[in-house]
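In this note's numbering, the protein residues as written are 343 to 721. For every residue, glycine included, the Cβ atom is placed at its ideal position computed from N, Cα and C. Report on the structure given below.
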């Protein structure tokens, strides 16, 4: 069984560590412990989250991101679950998925008996202000001006209202324009904490694969925007560039249907193609979970890691403290791809099988993200 970083991050910081350290560097109150990043004192901070830029991708295409890689000392952070809703929320709440509740792209809600898409399915069945369980840094910490810079379309999205609440929102369409807006805010505000978000690499990776020419072109666009940011930002502003997850390309022929390994009374299969949450009936026993886990292990061998929910929690996948409200959001059994495969059940429509670039699982390629120090944080 391949070993994964999820269970042994060592000295590698987590996304939840980043904003407390940034606030400490600014001399602002910091929730919980801080100091793992050893950041110098600064007037303000810009945290750039590049959706879908894993450390292995940046290394492989370093020649197309020279501004970024010149500053990169190969530092990394870890993100799990390696999916956008969880990565962003872990960063902005300084907590793990077991606390904030964003455990997967989609989950089965046992009480409402329905699938909930935690990226785009917000509304009366999943209210942003209560479904995401933790306060954000922007809501709780005083002594800094909190700003989000992203595309205008995301201003009122459910994920923004759930995981970025408490910050002022500035919209701009291109990566270059967002850099200019962030730099202007850094100049004008006394003690800015700015979250700058770029979604383009993830979007292109899903549709065309991260190994495509189109993805490389997006990386070059990102690098140019960072170069522009460095030209405009004041000298006393620290900058960290990181990501919410990495990505692997999975060809169509490597998609696997797991129907034959599942019992007939399975209630739902949710999560991501790279990490499936499998939900059994409410009266399922520990033995039922163990039997299904054993069947999946036998069927998939070294291609995947299958664990019962209790085993995944005990291994710390979702943090040290899983909120009771979050417990049932995790599948009775989780199936995490570690080989070059993705998982489906046959009733899933063809539209769900179109993605080339995928993420969500426990491999280093998906969980290890670059941590690049720029501006006043560069050393």
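**Item:** Closest residue to residue 542 among 478, 536, 559 and 362 (Cα-Cα distance)
**Value:** Your numbering for residue 542 matches position 200 in the chain shown. That would be 559, whose Cα lies nearest to the Cα of residue 542.
**Prompt:** Enumerated in chain order, which unbroken segments of the beta strand (DSSP E) with a length of 3 residues or greater are wholly contained in the stretch 439-511?
**Reply:** Segments of the beta strand (DSSP E) lying fully in the stretch 439-511: 448-451, 456-459 and 487-492.
**Asked** Mapping DSSP to helix, strand and coil, what is residue 547?
**Response** The residue labelled residue 547 in the question sits at position 205 within the chain shown. Residue state for residue 547 is assigned as helix, using DSSP reduced to three classes.
**Same chain, Cβ closer than 7 Å to residue 630, five either side skipped, listed in chain order** = Looking up residue 630 in the chain shown gives position 288. Within the same chain, Cβ atoms closer than 7 Å to the Cβ of residue 630 are found at 622, the five residues on either side in sequence being excluded.
**Asked** Leaving out the 5 sequence neighbours to the left and right, which residues in its chain are closer than 6 Å to residue 607 when beta-carbon positions are compared?
**Response** As a working mapping, residue 607 is identified with position 265 in the chain shown. Excluding positions up to five away in sequence, the list reads 623.
**Request:** Report the option in 445, 406 and 365 whose CA atom is closest to the CA atom of residue 659.
**Result:** Sequence index remark: in the chain shown, residue 659 carries index 317 (1-based). In this structure, 445 is the residue among 445, 406 and 365 with its C-alpha nearest to the C-alpha of residue 659.
**Request:** Can you give me the Cβ contacts of residue 585 inside the same chain, cut-off strictly under 6 Å, excluding the 5 residues immediately before and after it?
**Result:** On the chain shown, position 243 is the one that residue 585 refers to. Excluding sequence positions up to five before and after residue 585, its CB lies within less than 6 Å of the CB of 392, 395 and 711, all in the same chain and listed in chain order.
**Request:** Return the Cβ separation of residue 701 and residue 425 in integer angstroms, given the expectation that the two are a contact with Cβ distance under 8 Å.
**Result:** Locating residue 701 in the chain shown gives position 359, counting from the first residue. Locating residue 425 in the chain shown gives position 83, counting from the first residue. The Cβ separation is near 6 Å, so the contact holds.
**Message:** Just checking: is the beta-carbon of residue 691 within a distance shorter than 9 Å of some beta-carbon in chain C?
**Reply:** Judged by its chain identifiers, the structure shown contains no chain C, having just a single protein chain.
**Prompt:** How about residue 524 and residue 489: do their beta carbons lie closer than 9 Å?
**Reply:** Translated into positions along the chain shown, residue 524 becomes position 182. Translated into positions along the chain shown, residue 489 becomes position 147. The beta carbons of residue 524 and residue 489 sit closer together than 9 Å.
**Request:** With DSSP as the reference, label residue 388 as helix, strand or coil.
**Result:** Sequence index remark: in the chain shown, residue 388 carries index 46 (1-based). In the structure shown, residue 388 falls within a strand segment according to DSSP collapsed to helix, strand and coil.
**Message:** Comparing C-alpha positions only, which one of 554, 626 and 609 sits nearest to residue 403?
**Reply:** The residue you call residue 403 lines up with position 61 of the chain shown. The shortest Cα separation from residue 403 among 554, 626 and 609 belongs to 554.
**Asked** Taking the alpha-carbon positions, what's the residue 726 to residue 418 distance?
**Response** Beyond the ends of the chain as shown, which are 343 and 721, falls residue 726; an answer cannot be given.
**Asked** Residues bridged to residue 420 by DSSP?
**Response** For the purposes of this step, residue 420 is identified with residue 78 of the chain shown, where counting begins at 1. Paired residues: 356 and 710.
**Asked** Going along the chain, which residues of its own chain have a beta-carbon closer than 6 Å to the beta-carbon of residue 546, five neighbours each way excluded?
**Response** Taking the first residue of the chain shown as position 1, residue 546 is located at position 204. 556, 557 and 560, listed in sequence order.
**Prompt:** What are the partner residues of residue 722, as DSSP defines its beta bridges?
**Reply:** Only positions 343 to 721 of the chain appear in the structure, and residue 722 is not among them; the question remains open.
**Request:** Look up residue 614 in the DSSP assignment and say whether it is helix, strand or coil.
**Result:** Stepping through the chain shown from its first residue, residue 614 is reached at position 272. DSSP places residue 614 in strand when its eight states are reduced to three.
**N-terminal and C-terminal residue of the alpha helix (DSSP H) that residue 630 is part of** = Your numbering for residue 630 matches position 288 in the chain shown. Run containing residue 630: 628-642, per the alpha helix (DSSP H) assignment.
**Message:** If I measure Cβ to Cβ from residue 454 and keep anything under 7 Å in the same chain, skipping five residues before and after, which residues do I get?
**Reply:** Reading the chain shown from its first residue, position 112 is the one you call residue 454. Once the five neighbours on either side are set aside, the close Cβ partners of residue 454 are 467.
**Residue from 486, 514, 432 and 684 whose Cα sits closest to the Cα of residue 478** = Residue mapping note: residue 478 aligns to position 136 of the chain shown, counting from 1. The residue with the shortest Cα to Cα distance from residue 478 is 432.
**Prompt:** By Cβ distance, which residues of its chain are closer than 6 Å to residue 601, with the 5 residues on each side in sequence left out?
**Reply:** If you number the chain shown from 1, residue 601 lands on position 259. Cβ neighbours of residue 601 beyond the five flanking positions: 687 and 688.
**Request:** Whole angstroms is fine: what's the gap from residue 705's alpha carbon to residue 679's?
**Result:** Taking the first residue of the chain shown as 1, we reach residue 705 at position 363. Taking the first residue of the chain shown as 1, we reach residue 679 at position 337. Between residue 705 and residue 679, the alpha-carbon positions lie close to 8 Å from each other.
**Prompt:** Alpha carbon to alpha carbon, how far is residue 304 from residue 385?
**Reply:** Only positions 343 to 721 of the chain appear in this structure, which leaves residue 304 out of reach.
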